[in-house]
Amino acid sequence: MAMIGVAGRRLHLAQWHESKRSAHRPLLMLNGIGMNLEMLEPLARALPEREVICFDMPGIGSSPDPILPYTIPSMALTTAALLDRLGIDEVDILGISWGGALAQQFAFQHRARTGRIVLAATASGGATMVPGNPSILAHLADPREYTVERTLKRNLASIYNGGGSGKVSLNAAKAPSPLGFSYQMMAFAGWSSVPFLPLLNMPVMVMADEEDQLVPPSNAHFLHNAIPHSRIEMFQGGGHLFMLSQRDRFIEKLRGFLDEDIHHT
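Note that full-length UniProt numbering has the sequence shown beginning at 1, numbered continuously upward.
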């Protein structure tokens with residue numbers, strides 16, 4: 001893990017299994033709102049056959065606060081600049097929750113650099129998005145609930161395990177800064193992928209959990225219907241972070257989808 005300067009920002013970056021770059025397209029993991037990259041390390045460790053890259057958004061995890069608010073399209077440009085710095089031309093992408101919005105935007109802006117995409121526990125934003133449980137959304141709207149360490153893990157547990165029988169370990173969770181959290185919320189509030197979803201012609205797998213309290217599964221069905229040739233995979237009982245609470249099944253489905261190019265050659 002290291003700090004890297006990209007497009008006028010300093011970002012906390014992690015790379016796993018760099019020696020595997022020639023074997024597969026690297027996998028870029030884009031994280032959920034307020035979530036530091038260490039929370040996704042169990043997924044990276046479960047994919048030893050490929051390079052995995054993840055970075056903390058500005059003001060999240062170990063990345064310093066942003067100087068100015070940013071948009072999701074501008075963060076897609078920053079992501080492309082990061083890949084340039086790393087010497088990576090093309091990636092597969094796993095976008096989780098907020099990171100799924102960034103994954104959609106990156107795929108639209110940088111189609112030639114995008115291989116296969118997995119959109120997990122995410123939505124299209126805008127007026128078509130079906131909102132989550134109101135009591136959970138009320139908590140999410142207050143940065144103080146997530147930027148104080150003692151309340152962070154309690155709130156994460158209620159949101160991320162909401163409806164889920166499998167519990168997610170939150171030991172790696174680190175409180176975001178109030179500014180980082182607020183700017184991330186603002187970026188999503190003004191964003192929608194609806195106009196360009198029909199233009200995403202790369203292989204896309206949409207994944208969701210039936211008990212997700214934060215991003216109801218109807219959002220996944222909307223994405224699946226709007227993105228041509230996409231597929232959908234539903235989970236049960238895992239909550240919003242089903243990819244962590246049901247990691248083994250998630251990794252099996254993820255790997256199978258990402259490796260289809262290899263199996264067809």
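We put the CB at the ideal spot given by N, CA and C, even for glycine.
Nearest candidate by alpha-carbon position, reference residue i, set the options
{"i": "Val-118", "options": "Gly-237, Leu-27, Gln-213", "result": "Leu-27"}
{"i": "Ile-227", "options": "Val-206, Trp-16, Ile-136, Arg-21", "result": "Val-206"}
{"i": "His-224", "options": "Leu-241, Ser-245, Val-194, Lys-253", "result": "Val-194"}
{"i": "Gly-8", "options": "Thr-122, Leu-82, Ala-2", "result": "Leu-82"}
{"i": "Leu-170", "options": "Gln-15, Arg-21, Pro-42", "result": "Pro-42"}
{"i": "Met-186", "options": "His-221, Ala-112, Cys-54, Pro-73", "result": "Pro-73"}
{"i": "Ile-262", "options": "Thr-128, Ile-4, Cys-54, Ala-23", "result": "Ala-23"}
{"i": "Ala-172", "options": "Ile-67, Leu-37, Leu-30", "result": "Leu-37"}
{"i": "Trp-191", "options": "Leu-94, Ala-103, Ile-88, Arg-21", "result": "Ala-103"}
{"i": "Gln-184", "options": "Ala-127, Pro-69, Ser-218, Phe-222", "result": "Pro-69"}
{"i": "Phe-196", "options": "Met-234, Glu-252, Ala-175, Arg-111", "result": "Arg-111"}
{"i": "Arg-21", "options": "Leu-94, Leu-40, Asp-89, Thr-114", "result": "Asp-89"}
Continuous beta strand (DSSP E) stretch holding residue i: start and end
{"i": "Gln-236", "result": "Note, Gln-236: premise wrong, no beta strand (DSSP E); not H, not E."}
{"i": "Asp-92", "result": "91-96"}
{"i": "Arg-25", "result": "Here Arg-25 belongs to no beta strand (DSSP E), and DSSP marks it neither H nor E."}
{"i": "Ile-53", "result": "52-55"}
{"i": "Met-35", "result": "It is not in any beta strand (DSSP E) - Met-35 carries neither H nor E in the DSSP assignment."}
Endpoints, the alpha helix (DSSP H) within which residue i is located
{"i": "Leu-214", "result": "Leu-214 -> no alpha helix (DSSP H), and no H or E assigned at all."}
{"i": "Thr-71", "result": "Unbroken run through Thr-71: none, as it is neither H nor E."}
{"i": "Ala-187", "result": "178-189"}
{"i": "Glu-252", "result": "247-258"}
{"i": "Leu-43", "result": "41-45"}
DSSP beta-bridge partners of residue i
{"i": "Val-118", "result": "Leu-94, Met-205"}
{"i": "Gly-5", "result": "Arg-10"}
{"i": "Gly-125", "result": "Ser-192"}
{"i": "Gln-109", "result": "According to DSSP, which records beta bridges pairwise, Gln-109 is partnered with nothing at all."}
{"i": "Gln-15", "result": "Ile-53"}
Buried/exposed call for residue i, threshold 16 Cβ in 10 Å
{"i": "Ser-135", "result": "exposed"}
{"i": "Asn-201", "result": "exposed"}
{"i": "Gln-236", "result": "exposed"}
{"i": "Ser-245", "result": "buried"}
{"i": "Ser-97", "result": "buried"}
{"i": "Arg-247", "result": "buried"}
{"i": "Leu-254", "result": "buried"}
{"i": "Arg-25", "result": "buried"}
{"i": "Gly-256", "result": "exposed"}
{"i": "Ala-220", "result": "buried"}
{"i": "Pro-216", "result": "buried"}
Nonlocal neighbours in the same chain, by C-beta distance under 7 Å from residue i, ignoring five residues either side
{"i": "Val-204", "result": "Ile-117, Leu-119, Ile-227, Ser-230"}
{"i": "His-17", "result": "Pro-48, Arg-50, Glu-51, Val-52"}
{"i": "Gly-125", "result": "Ala-101, Phe-188, Trp-191, Ser-192, Ser-193"}
Close beta carbons around residue i, own chain, < 6 Å, minus the five adjacent residues each side
{"i": "Phe-106", "result": "Ala-76, Thr-79"}
{"i": "Gln-109", "result": "Ala-76"}
{"i": "Leu-13", "result": "Ala-2, Ile-4, Phe-55"}
{"i": "Thr-71", "result": "Ala-187"}
Cutoff 8 Å; reference residue i; Cβ partners in own chain excluding five residues on either side
{"i": "Glu-260", "result": "Arg-116, Pro-203"}
{"i": "Asp-65", "result": "Pro-58, Gly-59, Ser-177, Leu-179, Gly-180"}
{"i": "Gly-164", "result": "Legend: pLDDT at Gly-164 = 48, less than 50; position of this residue unreliable, value from coordinates given subsequently. Answer for Gly-164: Asp-209, Glu-211, Gly-237, Gly-238, Gly-239, His-240, Leu-241, Phe-242, Ser-245, listed in chain order."}
heavy atom of the ligand MN below 7 Å from residue i C-beta
{"i": "Leu-119", "result": "This structure simply doesn't include the ligand MN, nor any ligand for that matter."}
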